[in-house]
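**Student:** Take the sequence shown: its position 54, counting from 1, is numbered 748 in the numbering used here, and each next residue is one higher.
What follows is a structure written as structure tokens; I'll ask about it next.
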Amino acid sequence: MDYYLEIWMRDFPKDLLKGIRIKNIEQYHPHITLVRPFNILTSEADIMSRIAEFCKGREPIPFAIEGSERFDNQDGIYYYFPVVDAEKLLKFNNGLEGALDSYVHFAGKLNEEKIFHVTVKTDLDIPPCPKTKFYMDRLTAMRKMGNDNDIIWFSYDFVAQRLLSREE
């Protein structure tokens, strides 16, 4: 899939991970992926406009991270910090998927129930994260450019109530 939407985590999650051996810590951006990855069936400008319209007037959404877990699959083990207290985040996620449904092709669901998490890029067991509260104050849209090269497409800032360009 070529596009996806994320909440980039700043400060505490990255600081917490400094003591863990992270692959490419300078390039690692702790994030939570919202909505399923998708391909666009219309224009990028149309999708950007639809996302901005959906986000307009909404306040930053509270959630927390706590503990540590792991996914085991054929590609290996993936450690993550679970997102908790995420009812409002899940409602936002489902509403945004619904708003985009006719205009994009979503990747298939991995699980029946969405599991929000902050993936940690390490092959070592990670210590549990103490319960830490956050707000989704910005939604970041990413565009896959190939060869694991992703770039910021745009962001929507819930505090300023406006779209931000890649440069901003």
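Glycine residues also receive a C-beta, built at the ideal position from the N, C-alpha and C atoms.
Cα separation between residue 856 and residue 806?
**Tutor:** Along the sequence shown, one-based indexing puts residue 856 at 162. Along the sequence shown, one-based indexing puts residue 806 at 112. Cα to Cα, the separation comes out at about 33 Å.
**Student:** Determine the DSSP secondary structure at residue 801, reduced to helix, strand or coil.
**Tutor:** As a position in the sequence shown, residue 801 is number 107, starting the count at 1. In the structure shown, residue 801 sits in coil (DSSP, three-state: anything other than H, G, I, E or B).
**Student:** Where do the ends of the beta strand (DSSP E) carrying residue 861 lie?
**Tutor:** Within the sequence shown, the letter at position 167 stands for residue 861. Residue 861 -> no beta strand (DSSP E), and no H or E assigned at all.
**Student:** What does DSSP give as the partner residues of residue 763 in its beta bridges?
**Tutor:** In the sequence shown, the residue the question calls residue 763 occupies position 69. Bridge partners of residue 763: 774.
**Student:** At what residue ranges does the stretch 828-852 contain a whole run of the beta strand (DSSP E), taking only runs of 3 or more?
**Tutor:** 832-838, 844-851
**Student:** Between the beta-carbon of residue 741 and the beta-carbon of residue 797, is there less than 8 Å?
**Tutor:** Walking along the sequence shown from the start, residue 741 turns up at place 47. Walking along the sequence shown from the start, residue 797 turns up at place 103. Yes. Within cutoff.
**Student:** Under a Cβ-count criterion, where at least 16 other Cβ atoms within 10 Å of its own Cβ denotes burial, should residue 835 be classed as buried or exposed?
**Tutor:** What you label residue 835 is simply residue 141 of the sequence shown in a count that begins at 1. It is buried - the Cβ of residue 835 has at least 16 other Cβ atoms within 10 Å.
**Student:** For residue 800, collect the residues of the same chain with a Cβ closer than 6 Å to its Cβ; drop the 5 residues on either side in sequence, then sort them by chain order.
**Tutor:** Position 106 of the sequence shown, counted from the first residue, corresponds to residue 800. Taken in chain order, the residues that qualify are 730, 732.
**Student:** Taking only three categories from DSSP, how would you classify residue 746?
**Tutor:** To locate residue 746, count along the sequence shown from 1; it is residue 52. Three-state DSSP puts residue 746 in a helix.
**Student:** Starting from residue 699, follow the beta strand (DSSP E) in both directions and report where the run begins and ends.
**Tutor:** Sequence index remark: in the sequence shown, residue 699 carries index 5 (1-based). Here the beta strand (DSSP E) through residue 699 covers 697-702.
**Student:** Taking the beta strand (DSSP E) that residue 735 falls in, what are its first and last residues?
**Tutor:** As a first step, residue 735 is located in the sequence shown; it is residue number 41 there, counting from the start. No beta strand (DSSP E) contains residue 735, which DSSP labels as neither H nor E.
**Student:** Between which two residues does the beta strand (DSSP E) carrying residue 813 extend?
**Tutor:** Here the question's residue 813 lines up with position 119 in the sequence shown. 811-814 is the extent of the beta strand (DSSP E) around residue 813.
**Student:** Assuming the contact rule is C-beta atoms closer than 8 Å, residue 759 and residue 826 should be a hit. Round their C-beta distance to whole Å, please.
**Tutor:** Counting from one through the sequence shown, the residue named residue 759 turns up at place 65. Counting from one through the sequence shown, the residue named residue 826 turns up at place 132. So it is a contact: roughly 6 Å between Cβ atoms.
**Student:** Would DSSP call residue 854 helix, strand or coil?
**Tutor:** For the purposes of this step, residue 854 is taken as residue 160 along the sequence shown, with counting starting at 1. Here residue 854 sits in coil by DSSP.
**Student:** Please state the DSSP three-state secondary structure of residue 785.
**Tutor:** Numbered from its first residue, the sequence shown carries residue 785 at position 91. In the structure shown, residue 785 sits in a helix (DSSP, three-state: H, G or I).
**Student:** Give the C-beta separation of residue 823 and residue 737 to the nearest angstrom, bearing in mind that I take them to be a contact with Cβ-Cβ under 8 Å.
**Tutor:** Counting from 1 along the sequence shown, the entry for residue 823 is found at position 129. Counting from 1 along the sequence shown, the entry for residue 737 is found at position 43. At roughly 40 Å, the Cβ-Cβ gap does not stay under 8 Å, so residue 823 and residue 737 are not in contact.
**Student:** Who are the near neighbours of residue 782 in its chain, counting only those whose CB is closer than 7 Å to its CB and skipping five residues on each side?
**Tutor:** For the purposes of this step, residue 782 is identified with residue 88 of the sequence shown, where counting begins at 1. For residue 782, where only same-chain residues beyond five positions count, the Cβ hits under 7 Å are 755, 756.
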